[in-house]
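In terms of this note's numbering, the sequence shown is residues 9 to 136.
Yeah, the Cβ is synthetic: ideal placement off N, Cα and C, and Gly gets one too.
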Amino acid sequence: IAAHGVNRKDVFITTKIPACVGKGEAAKLVDADLKQLNTQYLDLVLVHMPLGFDCDGTWAALEEALQANKTRSIGVSNFRKSNLESLLKKATVVPAVNQIGYSVFGHNEDTIQFCRQHNITVEAYSPL
């Protein structure tokens, strides 16, 4: 970013943890993203999908990254209402974002309403 004359504060960087990979692996992935992108912090880190073996541990790692100022916000992607309900039972930080498929051709209204009720921003992918 700096090599191209762009000020870091003018760029919003989102990265993803590929799935529920567990606390240790998620922490390593955040650190790897910071190193690879040569930045002091990320703006948003998402858990890409609620698949894997340890969503609670993965989320705990993201909460720790947030507390350590490695990221400014944390969220999820492709989480349905039931996945969010499960996550929120143990989470101390509510996801800032749930990135989901959302278009005129299809969306999950239950998930959208749940996000609204819990102040989770819905970010659309494939909106057209």
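Straight-line measurement puts the Cα of Lys24 at about 22 Å from the Cα of Lys97. Burial is judged here by how many other beta carbons sit within 10 angstroms of a residue's own beta carbon; Asp41 has at least 16 and is buried. Each of Asn15, Thr129, Pro26 was checked against the Cα of Gln107, and the nearest Cα belongs to Thr129. Inclusion of Ile9 and Val53 in the CB contact set at 7 Å is not warranted, their separation being larger than that value. Asn91 carries a helical assignment under DSSP once its states are collapsed to helix, strand and coil.
Shown here for Ala69: same chain residues with a beta carbon closer than 6 Å to its own, the five before and five after excluded, namely Lys31, Ala34, Ala35 in chain order. Spatial neighbours of Cys28 in its own chain (CB-CB distance under 7 Å, excluding positions within 5 residues in sequence) are listed in chain order as Val55, Pro58, Leu59, Gly60, Phe61, Asp62, Cys63, Thr66. Asn116 and Arg88 have their C-alpha atoms spaced approximately 8 Å apart.
Residue environment analysis places Ala11 among the exposed positions, since fewer than 16 neighbouring C-beta atoms fall within 10 angstroms of its C-beta. Contact between Thr47 and Arg80 does not hold, since the beta-carbon distance rounds to 11 Å and is not under 8 Å. Between Leu37 and Ile21 the beta-carbon gap is near 14 Å, outside 8 Å, which marks them as no contact.
DSSP, reduced to helix, strand and coil, places Phe113 outside both helices and strands of the structure shown, so it counts as coil.
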